[in-house]
Structures are given as structure tokens and as C-alpha cells.
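Number of protein chains: 4
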Amino acid sequence: MATIKIGDLTVGGRQKVLIAGPCAIESREQLLQIAREVKAQGAHILRGGAYKPRTSPHSFQGLGPQGLFYLKEAAEETGLLTVTEVMEPEELDLICKYTDIVQVGARNMFNYPLLRRIGRTDKAVLLKRSFMATVEEFLLASEYILKEGNHRVMLCERGIRTFDHITRNTLDLASVPLIKKMSGLPVIVDPSHGTGRSDIVIPMTLSALAAGADGIMVEVHPNPKKALSDGLQTLDFPRFKELSEDFSAMAKFLDGLDEQRTHRVSRESNLS
Amino acid sequence: MATIKIGDLTVGGRQKVLIAGPCAIESREQLLQIAREVKAQGAHILRGGAYKPRTSPHSFQGLGPQGLFYLKEAAEETGLLTVTEVMEPEELDLICKYTDIVQVGARNMFNYPLLRRIGRTDKAVLLKRSFMATVEEFLLASEYILKEGNHRVMLCERGIRTFDHITRNTLDLASVPLIKKMSGLPVIVDPSHGTGRSDIVIPMTLSALAAGADGIMVEVHPNPKKALSDGLQTLDFPRFKELSEDFSAMAKFLDGLDEQRTHRVSRESNLS
Amino acid sequence: MATIKIGDLTVGGRQKVLIAGPCAIESREQLLQIAREVKAQGAHILRGGAYKPRTSPHSFQGLGPQGLFYLKEAAEETGLLTVTEVMEPEELDLICKYTDIVQVGARNMFNYPLLRRIGRTDKAVLLKRSFMATVEEFLLASEYILKEGNHRVMLCERGIRTFDHITRNTLDLASVPLIKKMSGLPVIVDPSHGTGRSDIVIPMTLSALAAGADGIMVEVHPNPKKALSDGLQTLDFPRFKELSEDFSAMAKFLDGLDEQRTHRVSRESNLS
Amino acid sequence: MATIKIGDLTVGGRQKVLIAGPCAIESREQLLQIAREVKAQGAHILRGGAYKPRTSPHSFQGLGPQGLFYLKEAAEETGLLTVTEVMEPEELDLICKYTDIVQVGARNMFNYPLLRRIGRTDKAVLLKRSFMATVEEFLLASEYILKEGNHRVMLCERGIRTFDHITRNTLDLASVPLIKKMSGLPVIVDPSHGTGRSDIVIPMTLSALAAGADGIMVEVHPNPKKALSDGLQTLDFPRFKELSEDFSAMAKFLDGLDEQRTHRVSRESNLS
Chain Y
142 MATIKIGDLT VGGRQKVLIA GPCAIESREQ LLQIAREVKA QGAHILRGGA YKPRTSPHSF
202 QGLGPQGLFY LKEAAEETGL LTVTEVMEPE ELDLICKYTD IVQVGARNMF NYPLLRRIGR
262 TDKAVLLKRS FMATVEEFLL ASEYILKEGN HRVMLCERGI RTFDHITRNT LDLASVPLIK
322 KMSGLPVIVD PSHGTGRSDI VIPMTLSALA AGADGIMVEV HPNPKKALSD GLQTLDFPRF
382 KELSEDFSAM AKFLDGLDEQ RTHRVSRESN LS
Chain L
142 MATIKIGDLT VGGRQKVLIA GPCAIESREQ LLQIAREVKA QGAHILRGGA YKPRTSPHSF
202 QGLGPQGLFY LKEAAEETGL LTVTEVMEPE ELDLICKYTD IVQVGARNMF NYPLLRRIGR
262 TDKAVLLKRS FMATVEEFLL ASEYILKEGN HRVMLCERGI RTFDHITRNT LDLASVPLIK
322 KMSGLPVIVD PSHGTGRSDI VIPMTLSALA AGADGIMVEV HPNPKKALSD GLQTLDFPRF
382 KELSEDFSAM AKFLDGLDEQ RTHRVSRESN LS
Chain X
142 MATIKIGDLT VGGRQKVLIA GPCAIESREQ LLQIAREVKA QGAHILRGGA YKPRTSPHSF
202 QGLGPQGLFY LKEAAEETGL LTVTEVMEPE ELDLICKYTD IVQVGARNMF NYPLLRRIGR
262 TDKAVLLKRS FMATVEEFLL ASEYILKEGN HRVMLCERGI RTFDHITRNT LDLASVPLIK
322 KMSGLPVIVD PSHGTGRSDI VIPMTLSALA AGADGIMVEV HPNPKKALSD GLQTLDFPRF
382 KELSEDFSAM AKFLDGLDEQ RTHRVSRESN LS
Chain V
142 MATIKIGDLT VGGRQKVLIA GPCAIESREQ LLQIAREVKA QGAHILRGGA YKPRTSPHSF
202 QGLGPQGLFY LKEAAEETGL LTVTEVMEPE ELDLICKYTD IVQVGARNMF NYPLLRRIGR
262 TDKAVLLKRS FMATVEEFLL ASEYILKEGN HRVMLCERGI RTFDHITRNT LDLASVPLIK
322 KMSGLPVIVD PSHGTGRSDI VIPMTLSALA AGADGIMVEV HPNPKKALSD GLQTLDFPRF
382 KELSEDFSAM AKFLDGLDEQ RTHRVSRESN LS
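Residue numbers (this note's numbering), protein chains in the order written: chain Y, 142 to 413; chain L, 142 to 413; chain X, 142 to 413; chain V, 142 to 413.
Shown next as C-alpha cells:
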């Protein structure tokens, strides 16, 4: 299994990674407030969208470069790493300059020219699975990046589109062990987009870690009802605190379970 | 949340339930061998199909009543409870006489006359979700049973049909907390049918428990390659042993986590 | 290609068959009024449900045997053939006595015991595709009937379940030429259930015939808004008149096109 | 209903439009040979991919600009209009210079920056539906182009992804009347990608026209087995000849049917 170093953080190893932040960066104050809170609760990476792909051209499309400046400021104040989404090649240089990780959103997983451009940088990448991609297509998309020489790729399961709309997407957690086995790359799970419902983000966080995910990405906002996008799936601060406590407990348990398994195997080897 | 008593076992409470056995009952010897092994590894309930719904009329259709007699014998020898699938009303009396739990398979979730008949018995029921049923339709199907007066219903998530066929079905673990919340009924997860791949049954077992499942149902066979059905998703004995050890560790961890949460809440109440 | 004789009607040959009637039989008057109207517009077969499989146990479940008597009366008065749905083996004898064609609904396509029972009668059968069945599973289900000796089977495409809910189901018209080629059985298309929207039933009727369907089944009601089920997809009388005129024109055109193709082929054979 | 003028051709009016050509432009000779044949059979527009979005980075990726030059040459020789796919903004100027219609492929329907750029040109556009887009998302994507001022947009139904893989995609012909009604834009259907099987492209062509499509786009190659991509769904010349004859007959019939309907309506108005 490959691990990826981003600053002092290692993704894909024993440590489980917690990524949190607002769906969209709405203002300097909003972002700083959230950054401080998620840092206090143990998050490693701050997420926040500056360029937003929206289904309707009439919806809020993000703050653009100004959002990137706020992200940089929040990173410097809190010491958090940062991740943000890129939508077109033109934005790539600026995003690389201001953030630590470039995210390819679900709508752009099949945007091969964009993947190739990212593959020519040395930036860490968070590639989200399209809601219409098979696991095989997802892995082939990652190869567009890897083939150009950039091997710092994390894959993000965020749910697929099915016939049942009680959740926004159907979180496909069986993809986690499959992707890890087939690609060797770290896997992050996004239970916020994967369910679209803040009331089940915590159980699905635990479920994702138990399936073998190397980390979790969730949306957090001081007042989800007033969020400019994705409010229904966004955690408020008290609920994020609960999540981070459960996350830590589960991460610790799983680390112990891995050790027990190693002992079992060596014990059985000694016996035979 | 409702709990269901079956013999000495309580489903839906603190204890996590482990159901295991072959897809189809193939012979007296096969069933007894498996029953002893899964009992030794801590299983509570023995599964085994006597009447098998098969996509093709040319496939093996099960041993019928003879299979039920073997199931009864295995139960008496090992002390395990038993569950088997019913396909039509005519079989119901015999199945009720010889087993502890009646299973409705995914293909019959929409078979309302069958559900009504089962609702008129006092037998514990394991109702599997159709692979194309929404969560809402699943809960409405359970109401066909409840409405007739039988409240001993457990619901089983076993994967839904989606565009990606890398797994046999897409295990919809987000349905677990949703179903529990909406119905109050116990939820069992079947990672064997839910994935169709024995190589990821263990991580998906842990994942299901972490999502809140009250139990797990898996397929076990001494020689999966020779199983008359579902061999690809069936665990052999060594792998089932691994599963049962991980299952127990996770169940214990989650029980402890529940207690910690209770303490957190009461501590916060005292402070405020 | 097999043809099926039902009374004086031949299904699967040059004539395109028009099946029409209410979703559910609601009263003697309702059924007679509809039967007279659809007969006047050229329909060959009257449909009407006496036993209704409903997602919720709290919805109207049909008139039962009384509905069958009304259907028989309507048939005798108008000379129409009749089709109605069977839900469980117990009802089969009565349904065979009172109607010309037994329908297996989408929810029961996987109900193999029911299919076997029908296979032991000599009644014409209309087997609907489950909304979750692949074409291959659909054909295998038909083999459960054929294997028992009943070869008078018509297959009905009625839409499958997909992620887009702008229509109730996604009508899979490519299945029409595939099923005809693979099975040789006549294919009927149900654009009412296949779309769930009366505003596009006419274009989808034409589209289905052009794809090669041997007939069409549609829902008709004097006052769709007051229908006890499926009102949104049901045609009123004026719109059914339009449909029947377009249906006849398209059927005539396609019959002529078949002749032209035969001429083309023989002309080309003569030249070579 | 809006109509779109492209050269001397009007799309969206009484004439049904036939678009044909290879999936990928493979060589000057291949393209010219196909162009001459499809022109002889009555096609209006030549399709051919110069930039190919391929699932794997290891597959043939198209001839690039050289392909565009061949397309221009074929257009000049035969008088056909041309359409080709754009994958990234950088290619747009060149494509606009060398072809008549810019195609946005299914993988790029959610690529909003690309749609915006195209919206700032005055080029005719063929926007393909993503294989996982709802009709509503498809229409909203078209608004990204319309909003920038370019109203020459045709929408292309090319199948959606479902659980059944007997066809490459599930052609959703009910979307045709819905899209026309909701948007007023012309609709083209692609039965080649929509089915992935050359053996049913002809019935699905007729079916699409009967559903109300304004035109058809199909893949043609002198030797489909040797095509560099999409061979299974590609028509050879004799079969394309059959298609064009059936296409013309159906187009003529539907034009006549429209007139009959107009007479019916005016006759009924006179009577009342």
C-alpha cells in the first residue's frame, strides 16, 4: 500500500485522516470560524470550495480567487492543510499556489484533459468518484494522473446514483476494500455527499472507517440552515464534535484490531 | 427500539447476532459439519435453504422438506436457532414446525399474499429487502406482516441493484441507520449477497456493525468451490473463524462506545 | 416467430393488438362504460384489475371475485377478450374460468411457484417484466411457464427502475427487438406504467410499435383524476380516441414497410 | 418549437435529419470513403471524432487536428455538414474553424466551464446527455450554453446507465417528447451508443423517430470489426443503406400523420 506525505501528514498509513470544512467558502469570517473549530476538534485538513460546479447556471458559483486567499489565510493561522476543487485547467496554477491538495470533483472524473494537466504537477490530488462511474472506470481515471508522473493520488468514494432517493447518493462502501486492493492508493470517504443527510453522517463515518477507509471528509458549518449550498448534509459544531470523538475512538480500535490480527497470524504460523 | 426474543436470544438489544450457514442445504453431512463449525465459532443462528428460488428453472431447486428435517436435526444437536426461506404459502406450516425463523427472500418482498400469511403466524420473520426496493417500499412491505398482528419482524439489508457489477449487488449501508430510525425494528445485514465476493465479506461485516446493524448473516461452506450455489460469496471455515473473531471485537468495541456516549451526554447535562 | 391464438385473435402476427381498460375495476358501471368505449375505438382486449398488488397495505386492494364477474359480463356484452392479474395460486382457477388471459404483474415475475402453476394450465399468459429484471432474467422467468408445457406466453415490457424519476419507470424499448429475437415470443408494451404520464403515452405507443412490439396495453378511465389508482398515467376517452387513430395508422404503415422490405430483399436476390 | 439553421439545413422542423459517420476518424481514406457512402444514402451531416475521450489512457485517443483537416476535406468534396466532439476549451477555436457543429460528449455534459465557452460562440451545438443525467440536469446543462447567448443548441439522447447490461446503455426514448415539450429545442437520438449493438440500430432508429425525434445519429464504417473504437455498435454499408431507406419511409409517414392530425383537429373544431 502506498502512503502519501502532505506536509507532516501521512495518508494511507496507520493514522486515519479527518478532512472537514464548509461546502463553499462564503466569507473570510465564515471560513476562519470553521477552521478554528475543526482544528480544535482534531481535523487535519480544511476543505472549502472556491469554484463551485452547480447543476444550474443560476445558482451561487463560488467566490473564485478570493476564496483561495481566505483558504491560505485560514491555513496559516490554524496550521491545517487545505484542499479545494479545480474545475478547469486555467485555475490550476493559482490553486496549486494557494492550497496543499487539488480536488477533482465527481462531475469532472471523466474530464481527461483536466486529469492529464494535474498529472503534470507534483501536487497531492483528491480524485472523487463520479456518481456514475464503475470502480473500474474510477481506477482508469486515476491512471490518467498517474501516467503523467504524479503518484500522489487519493481516491474518494462519495456515493453513486441509484433508484432510491431517500439518500442523495448511495454510499458504496464495498468499493473501499476493493479500491485499496486493486490500486494500492489511499481511500477517503465522503459521507456528507454520500448520504446528503446530516442525521446519518456519524454512523456512516464509523462504517467507512470499519470498511478500511484511510480518512473521512465531511461538511461543517456554524449554521447549516443558512449555508449557501448543501445545508441538509452539513454538520453543525456540536454534531461535528460528536463525530470527531467517535472518529478517534474507532480509529484507535481499528489500529488495535490490526495488531491483534498480526499476532493471530504469527501465532498460527508458530503453531504449524 | 423494539427487541425480539427468539428462544433465549434477544435481537435488537446490546448483543450483536451472528447468523451463518450454507446457501443451500445439500446433504445431512454437509449441514451437520457446518452447524458444528459455526456453533464452535460463536454463531447464534444457523441458516440454510431448503426451498431455493433460482433465476433459471434448470438450476438446483433445493432439497425441499428433507432439508427442513436436516435443519431440525442440526438445531437439536448444536443448540443453534434456525432460519430458512419460504417461497409459497403451502410450505409455511411445515417451515414453521421445523425452524425458528421464517425468511422472506429478496424476490418475494413484493409478494404481498405471502407476507399477509406470515403476518397471521407468531413466527419470528427475517424479511429481506428486494434488490430493487426503496427503503420506503421495504418498510411498507414489513407493514403487510405487522398489520396482521405479527410484530416479530427483523429487516435484512442485502444490497441493491445498480449499474456497477464489480460486486453482485451494492450494499446500501446507509439504509441501516435509516431503517432503524424509521421503523424501530432490528436490522440484519447480509454481506455475502450484498457483495457476492468472499474476499470483502469481513470488512463489510465490520462496516455493517459500525453502521448500527443488530447482526450479520453470512454464507459458510467447507468447500465453497463445490457449493451447489453462491460459491463465490461463501466463506470457508478458516475465513469464517477470522470473521467471528473480528465480529466479536467490533461488537465489544461498539458496546463500549455506546456507554461512552451515554456518559458524554450525562456529563454535558450536568455541566449545563 | 410464434403466434398465439386467443379466440379469433392472433397475437404475434401481422395484426397489432390493442389492450385497454382501467387499472382497477371499480364498479360494474365503470367497467361497462369503459368496455363499450374502448371497443368502439377498436381495442381487442379489455384489461382490468380485480386483485391489486399495492405497495402499501393501507391502499385499495381491488374488488376481488366480484371484479371478475363484471369482467365476464363486459366481455359478453362487447365481444372483447379479457385479461386480469393473478397474485396467488389460490385465485388461479377462478381467474381462468372468468377471463381469457392471465396476467402476471411486475412484482410477481420472480414468483416462481406461481409461474409453475400457470405453466400447468392451458391459458394464454401475459407475463410482465419486473422493474428490476434484466432481459435475461425476464426470459428465464418465462421458461418457468414454458417448461411446464404452456407455450401461450406473451411478454410485456413495462419499464425498468432507474435513477431518473421524471417518468415513473424508464421504458426500455430496445428490449422489444431483443426479446423477440431471443425468445420468438410476442411482445406487448405498456406505455402507461412505462412512463406514468398520460401526456406522453401516445408518442410512446407509436415508438413501441415502431420498435417492433406486437401490441400495446394502456390504461383508460372516463375520469382519470377520480381513478382509484394510477390516475396520472391514465387516458381519458378523447385522448384514447386519438391514440387509437394513431395506433391504426402506424400499424398500417409498418405492415406496408414489412412488405417493402420483402420486395427489396427479393429484388436484390434476383440481381445477384 | 425552435428550429436551427445550419447551412441550408433546418433542424427541428418538418425534415428529419440523418447524421452518420465513423466513431473515430482513423485516416483520410477511411473518412472519405464513409463520407461518400453516407452522402449517397441521403445523410445530411457527417460525424467523426478527432479528439476521443477514452475510459483508459492506454486506448487510441484520436488523430487530433489532423482529423479536423480530413473532416473539412470530406465536407468540401461531398457537401455534407460536419460535427465533431470538443473535449477542452483550447481546442474550441480550431474545431469551430473546421466544422459546422460542435459536439459536447456525454462525459462532458457536466463540464460547465466548457459549456460556458461554447455559449460564447455562435456555433451550432450538439449537446449529448450524460449517461447518468436526469432530464432536468440535461436541460439545466443546456442553459449554461443558452445563458451566454448561443441559442443554436440541439439535445442528443444517447442512453442512460442502468442495471441491465444486455445493451451498452438503456435508450430512454420517453425523454424525447419530454425534452421537446420542456425545452422547445430539437432532439437527436443516437441509437448506436444508446444500444451498443448494431443488430438493433434500425428498429431503434424507427422507434426514435416515432417518439418525435428530429433526427438520428449513427456510426458507420466499411468494416466495423476493424474499427478502432465502438465496432460492435457500428453499421456496415449494406446495413446503413437499409437504415436510410427505412428512415426515409418513416419520416414521410410521420409527416403525413402530422397533417392528418391537423385535419382531425380542424374538423372537430368545425363540428363543435
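By construction, the Cβ of each residue, glycine as well, lies at the ideal position given by its N, Cα and C atoms. Being a predicted model, the structure only gives us computed values, none of them experimental.
Same chain, Cβ closer than 8 angstroms to residue i, five either side skipped, listed in chain order
i, result
"L:ALA351", "MET391, LEU395"
"V:ARG338", "THR308, ARG309, LEU373, GLN374"
"L:THR336", "GLY300, THR308, ARG309, ASN310, LEU312, VAL342, MET345, GLN374"
"V:PHE381", "ALA161, GLU178, VAL179, GLN182, VAL359, VAL361"
"Y:GLN207", "ALA191"
When the options are compared against residue i, the one with the closest alpha-carbon
i, options, result
"L:THR240", "L:LEU267, L:TYR253, L:PRO254, L:ALA247", "L:LEU267"
"Y:VAL276", "Y:GLU214, Y:ALA354, Y:HIS404, Y:LYS321", "Y:LYS321"
"Y:THR308", "Y:HIS334, Y:LYS288, Y:MET323, Y:GLU298", "Y:HIS334"
"Y:GLY190", "Y:VAL342, Y:THR196, Y:VAL224, Y:LYS213", "Y:VAL224"
"L:ASP377", "L:THR144, L:CYS164, L:ALA143, L:GLU229", "L:CYS164"
"Y:GLU298", "Y:PHE304, Y:LYS269, Y:HIS306", "Y:LYS269"
"X:VAL361", "X:PRO379, X:ILE259, X:GLY353", "X:PRO379"
"V:ARG257", "V:LEU150, V:PRO332, V:PRO230", "V:PRO230"
"V:GLY397", "V:LEU150, V:LYS157, V:MET142, V:THR144", "V:LYS157"
"V:ASP234", "V:GLY260, V:MET250, V:LEU222, V:LEU221", "V:GLY260"
"V:SER283", "V:PRO254, V:LYS393, V:ASP305", "V:PRO254"
"X:ARG188", "X:GLU278, X:GLY153, X:GLU226, X:PHE210", "X:GLU226"
"X:LYS213", "X:PRO363, X:ALA176, X:ALA265", "X:ALA176"
"X:LEU145", "X:LYS264, X:MET228, X:ASP305, X:PHE251", "Reading off the sequence shown, one finds Ile at residue 145 of chain X, where the question assumed Leu. The option with the nearest alpha carbon to X:ILE145 is X:LYS264."
"L:VAL152", "L:PRO363, L:PHE251, L:GLY353", "L:GLY353"
Residue span of the beta strand (DSSP E) that contains residue i, given as start and end
i, result
"X:MET323", "It is not in any beta strand (DSSP E) - X:MET323 instead sits in the alpha helix (DSSP H) that spans 316-324."
"X:GLU298", "294-298"
"Y:ALA161", "158-162"
"V:ILE147", "145-147"
"V:LYS269", "265-269"
"L:THR151", "150-152"
Residues near residue i in its chain [Cβ-Cβ closer than 7 angstroms; skip 5 each side]
i, result
"V:LEU159", "GLY183, ALA184, HIS185, GLY356, ILE357, SER385, PHE388"
"X:GLY205", "ALA191, TYR192"
"V:GLY148", "LEU222, ASP241"
"X:GLY203", "ALA165, GLY190, ALA191, TYR192, LYS193"
Contacting residues, own chain, Cβ-Cβ under 6 angstroms from residue i (five flanking each side not counted)
i, result
"Y:ASP218", "It should be noted that the sequence gives Glu, not Asp, for residue 218 of chain Y. Contacts found: none."
"Y:PHE272", "ALA247, ILE301, ARG302, ASN310"
"Y:LEU173", "ALA215"
"Y:ASP399", "none"
Bounding residues of the alpha helix (DSSP H) (the contiguous stretch that carries residue i)
i, result
"V:ALA165", "V:ALA165 -> no alpha helix (DSSP H), and no H or E assigned at all."
"X:ALA282", "276-287"
Tell me whether the region 310-321 of chain Y and the region 157-169 of chain Y touch, counting them as touching only if at least three CB pairs, one residue from each stretch, are closer than 8 angstroms. no
If contact is defined by three or more beta carbon pairs under 8 angstroms, each pair taking one atom from either stretch, is the region 335-351 of chain L in contact with the region 298-315 of chain L? yes
At a cut of 8 angstroms, does the region 362-369 of chain L reach the region 320-335 of chain L through at least three beta carbon pairs? no
Does the region 395-406 of chain L touch the region 195-207 of chain L, meaning 3 or more C-beta pairs lie closer than 8 angstroms? no
Check whether the region 286-296 of chain X and the region 288-306 of chain V touch, using three or more Cβ-Cβ pairs below 8 angstroms as the test. no
Start-end ranges of the beta strand (DSSP E) lying completely within the region 167-193 of chain X, minimum 3 residues: 186-188
Which runs of the alpha helix (DSSP H) spanning at least 4 residues fall entirely within the region 191-257 of chain L, listed in chain order? 206-219, 233-239
With a floor of 4 residues, list each alpha helix (DSSP H) that falls wholly inside the region 304-377 of chain Y, ordered by position along the chain. 316-324, 332-336, 342-351
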